[in-house]
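Q:
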Amino acid sequence: MEVKMEMHFDLKWGEMTQADQFVVKTTDLPVTNISERAGNDGLITGEINNNSTKDLENVCVSLILRDGNKIVYMDTIYVKSVKAAGKQAIQFECYGGWPEHTGVEISAQSW
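Our numbering applies: residue 191 is where the sequence shown begins, and numbers increase by one.
Next comes the structure, spelled out in structure tokens:
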């Protein structure tokens with residue numbers, strides 16, 4: 191059985207909103223002061239810097255560990271309330287230690 195669906199929107203151009211009015215770009219959320227503690231209770235810490243003029247309710251922070259060009263580990267955390275022009279500490283934990291890696295990448299985006 192084939193089902194066909196149609197959707198029609200009746201909008202005037204003035205009612206539309208530009209998405210970039212609300213979006214804080216990833217480049218406005220650099221992660222700095224990244225440090226790593228090895229061992230069985232491995233921690234990777236850093237700071238999100240909100241270089242935008244908007245308070246953010248939620249920020250998604252992603253961690254990638256690489257061994258050369260190969261991704262060996264990924265994780266994501268969510269941080270609440272990062273004020274405009276403010277900083278927020280972050281921490282990734284890995285009980286049992288991190289896999290062998292040569293590079294650490296962390297990026298943040300508004301969520």
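The beta carbon of each residue, even a glycine, is placed where N, CA and C say it ideally should be.
Per DSSP, what kind of secondary structure is residue 218 in: helix, strand or coil?
A: Three-state result, residue 218: helix.
Q: Hey, would you say the C-beta of residue 280 is under 7 Å away from at least one heavy atom of the ligand HEM?
A: For the structure depicted, the ligand HEM is absent and the ligand set is empty, with no information on it obtainable.
Q: Tell me the residue span of the beta strand (DSSP E) that contains residue 257.
A: Start and end: 246-257.
Q: Taking the straight line between their C-alpha atoms, what separation do you get for residue 243 and residue 218?
A: Taking the straight line joining both Cα atoms gives about 10 Å.
Q: For residue 266, collect the residues of the same chain with a Cβ closer than 8 Å to its Cβ; drop the 5 residues on either side in sequence, then sort them by chain order.
A: 250, 251, 252 and 253, listed in sequence order.
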